[in-house]
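*Asks:*
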Amino acid sequence: MTDVTAIERQLAVHDLNARYVEAIDEGRFEDWPEFFAEKGIYRVTTAENAEQGLPLAMIYATSRAMLRDRVRALREANIYEAQRYRHILGPARIEPANDGSLRAATSFMVARIMHTGETALFATGRYLDRIVLTGETAHFAEKAVILDSRQVDTLLAIPL
Amino acid sequence: MNIHARSWPTEGLTRIPYWIYSDRDLYAQEQERIFRGEAWTFLCLEAELPRPNTFRTANLGDMPIVVTRDRDGAIHAFENRCAHRGSLLCLKQRGEAREIVCVYHNWTYDLTGKLTGVAFRRGIGGKGGMPADSRPDQHGPRQLRVETFAGLVFGTASAGVAPLEQYFGPEIAAKIRRVMKAPARLLGGYSQILPGNWKLYMENVKDSYHASLLHMFFTTFRLNRLSQKGGLVVSEDGGNHISYSYTADVAGKEYEQAGMRSAQAGYGLEAPELLRNVDEFGDGIGLQILSVFPGFVLQQIRNCLAVRRVVPQGLDRTELAWTCFGFVDDDDTMTELRMRQSNLIGPSGLISMEDGAATGFVQRGIRGAGGGESVVEMGGSGTSSEESRVSEAAVRGFWKAYRRHMGI
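Heads up: the sequence lines are chains W and P, in that order.
Taken in order, the first sequence gives residues 1 to 160; the numbers are from my numbering.
Taken in order, the second sequence gives residues 161 to 568; the numbers are from my numbering.
1) Is the beta carbon of Y495/P sitting closer than 8 Å to the one on G486/P?
2) Below 7 Å CB to CB, which residues in the same chain sit around E533/P once its five sequence neighbours on both sides are set aside?
3) Starting from S405/P, trace the beta strand (DSSP E) both ways and give me its first and last residue.
4) Enumerated in chain order, which unbroken segments of the alpha helix (DSSP H) with a length of 4 residues or greater are wholly contained in the stretch 336-394 of chain P?
5) Whole angstroms is fine: what's the gap from T5/W's alpha carbon to R43/W's?
6) With respect to the alpha helix (DSSP H) encompassing I24/W, which residues constitute its N-terminal and C-terminal limits?
7) Since Q459/P contacts I445/P with CB under 8 Å, what's their CB separation in whole angstroms?
8) Write down the C-beta distance between A50/W and I146/W rounded to the nearest angstrom, noting that I regard them as a contact closer than 8 Å.
9) To the nearest angstrom, report how far apart S422/P and E430/P are at their CA atoms.
10) 8 Å is my cut-off, CB to CB: does N219/P come that close to chain W?
11) T495/P CB to nearest chain W CB: under 8 Å?
12) Residues of chain C with CB closer than 9 Å to the CB of Q352/P, please, in chain order.
13) If you follow the beta strand (DSSP E) that L128/W is part of, which residue opens it and which one closes it?
14) Buried or exposed for Q352/P, going by 16 or more other Cβ atoms inside 10 Å?
15) Check this for me: beta carbons of T268/P and D230/P, under 8 Å apart or not?
16) Using Cβ-Cβ distances below 9 Å, what residues of the stretch 9-25 of chain W are close to chain P?
17) For R345/P, which of D515/P, G567/P, A554/P, E208/P has the nearest alpha-carbon?
18) Under DSSP, the alpha helix (DSSP H) around E552/P begins and ends at which residues?
19) Spell out the partners DSSP gives D153/W in its beta bridges.
20) Who are the near neighbours of R216/P in its chain, counting only those whose CB is closer than 7 Å to its CB and skipping five residues on each side?
21) At which residues does the alpha helix (DSSP H) containing F604/P begin and terminate?
22) For T170/P, does the three-state DSSP call read helix, strand or coil?
23) Count the other C-beta atoms from every protein chain shown that fall within 10 angstroms of the C-beta of P343/P, then say buried if there are 16 or more, exposed otherwise.
24) Report buried or exposed for V263/P, applying the criterion of at least 16 other Cβ atoms within 10 angstroms of its Cβ.
25) Whole-angstrom Cβ separation of Q501/P and I461/P, contact assumed at under 8 Å?
26) Grouping DSSP H, G and I as helix and E and B as strand, with all else coil, what is G412/P?
27) Give the list of continuous beta strand (DSSP E) stretches no shorter than 3 residues that lie fully inside the stretch 507-555 of chain P.
28) Mark K316/P as exposed unless 16 or more other C-beta atoms lie within 10 angstroms of its C-beta, in which case mark it buried.
29) Who are the Cβ neighbours of G288/P in its own chain at under 8 Å, not counting the five residues just before and after it?
30) Which partner residues does A218/P have in the DSSP bridge list?
31) Let's see if you can read the secondary structure: which residues bound the beta strand (DSSP E) around T137/W?
32) Cutting at 6 Å between CB atoms, please list the residues of its own chain near S247/P, excluding the five before and the five after it.
33) Report yes or no: do the stretch 150-157 of chain W and the stretch 503-519 of chain P share at least 3 C-beta pairs separated by less than 8 Å?
34) Taking any Cβ of chain W, which residues in the stretch 485-518 of chain P have a Cβ under 7 Å from it, in chain order?
35) Given a threshold of 16 other Cβ atoms within 10 Å of its Cβ, counted over all protein chains shown, does S548/P qualify as buried or as exposed?
36) Once you ignore the five residues that flank V488/P on each side, which residues in its own chain have a CB closer than 6 Å to its CB?
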């Protein structure tokens, strides 16, 4: 990692973020676990829980396998009306960590588009990520989705 | 329309008229007769007021409430409304304070809700201020009657309603004690905004019939055991219920096996550790959903424990506030177990996300059906406890209690 320049780090994270939200927004949920390391952690919680140091998450997975289970549940088991997301990301603030990984903080806004045509701002918050670079490929070793609000409208089916 | 101009279907509790979810005037009458009437409302866990001089906000239906633990450790609840101009007193969800000061004009209260100070009451330099015979404290926030039971804090605006334990009934009280077996440790919370009338959610909670039909997660992954033994308990007055089932697996072994089968046969969870659990209550009951009229739910799904507050926010909007907890003596492994199982509940819950949408489906479905009624005949027409969960006895019990409160 030491030979990776700041600009190369910036580009790698930017590219990972762009591909990640594109896969979700296009409904390619089967690709979603592949953005994580094999034992990657994915957590969705609220700023309120995070600020109080409380561990509860709405979604908590500690491996690609758990993410794949959630995708299968979304496809085959869970009942929810057809909907899509549109993610808008802010610029990522990136800091190299001592273990060679990168820490990135990225703001997001997500609009939810229902099959009925109703479009509404669904979620805002921050991604607090730990990213590992293997050669040219970047993966999330951890992705914490910190929602600004404690309220979720109706349900949170598609991942953020 | 005034409720007295309405009449309940002659069939009784097996018919629910659709206007009950869509009549605008009914909403205000429910607030008065139920939420501010002869009912106990769950306010918070005692663990949410961890020390003297702490507070948190809650609701009695529409009415905003402050719950406090005073400097001596006693718990109080009162209306979150200043005696002066009616402004909210506490703007934060929770915090620490020795006194509560209204931001609007600096009127001050102690943590029992008593008005202790009026800014510039005597004016400045002999000018202005209130008349000497003014009694602003007579306009103070409404005090609630508060009782705690096994770590749960309840409040009521009624002086006449029975004491809390009596209101629960003996079976419900025993099953609350079963879950609240030790001091609770707060794990966190969130809210789900449901696009439907509050009563639709309470019916959903009490409807043990829908569980294996709407929530396909267990069935799809072949984790549901249709042969599981269990039962349905409805309190004498109909308003409170317990639905429970035994789980055959010990320490998650059967689910591990299900995971193995999945690898071979293409079904089951790839990561069955999601459902790894321990029989922490020692009685083999893996699921217990308990509700108390009008809007309290206590949930044990394996080791995932939560209280839910059902807060009406208008005719067709309901806040479902979830608070998850473990116990103070949990170790890290136990907390991790509870965190993994939390994937099952809440707005993203693999088995509960549908409930968020289902109430909305009914609310939208009945828009043109004000004169119609739903059919609630599973398990007959009674409201008594039974072994089969393919029953709507607890739903009918809810309406029995509702009709008594509303006088309809």
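We put the CB at the ideal spot given by N, CA and C, even for glycine.
Predicted model only: the values in this text are computed from it and were never measured.
*Replies:* According to the structure shown:
1) Before going on, a small fix: residue 495/P reads as Thr here, not Tyr. The answer is yes: Cβ separation under 8 Å.
2) P169, R175, I176, P177, Y178
3) 401-406
4) 358-366, 371-374, 377-380
5) 29 Å
6) 6-25
7) That belief does not hold up - the Cβ atoms of Q459/P and I445/P are roughly 12 Å apart, past 8 Å.
8) 5 Å
9) In this prediction, S422/P has a pLDDT of 37, which is less than 50 and means its spatial position is unreliable; what the coordinates show is noted afterwards. So the alpha carbons of these two residues sit roughly 7 Å apart.
10) no
11) yes
12) Absent from the structure is chain C; the protein chains it does hold are W and P.
13) 119-134
14) buried
15) no
16) none
17) E208/P
18) Segment: none, E552/P is in no alpha helix (DSSP H) and carries neither H nor E.
19) I353/P
20) C204, E208, L209, V227, Q253, R254
21) The displayed coordinates of chain P run from 161 to 568. Any statement about residue 604/P would go beyond what the structure contains.
22) coil
23) exposed
24) exposed
25) 7 Å
26) In this prediction, G412/P scores a pLDDT of 45, lower than 50, which makes its location untrustworthy; the coordinate-derived value is nonetheless stated afterwards. Reduced to three states, the DSSP call for G412/P is coil.
27) 533-535
28) It is worth fixing the name first, because residue 316/P is Thr in this sequence and not Lys. Buried, because 16 or more other Cβ atoms sit within 10 Å of the Cβ of T316/P.
29) F280
30) I225/P
31) 137-147
32) C262, Y264
33) yes
34) T495, M499, R500, S502, N503, G506, P507, S508, L510, M513, E514, G516, A517
35) exposed
36) P343, R345
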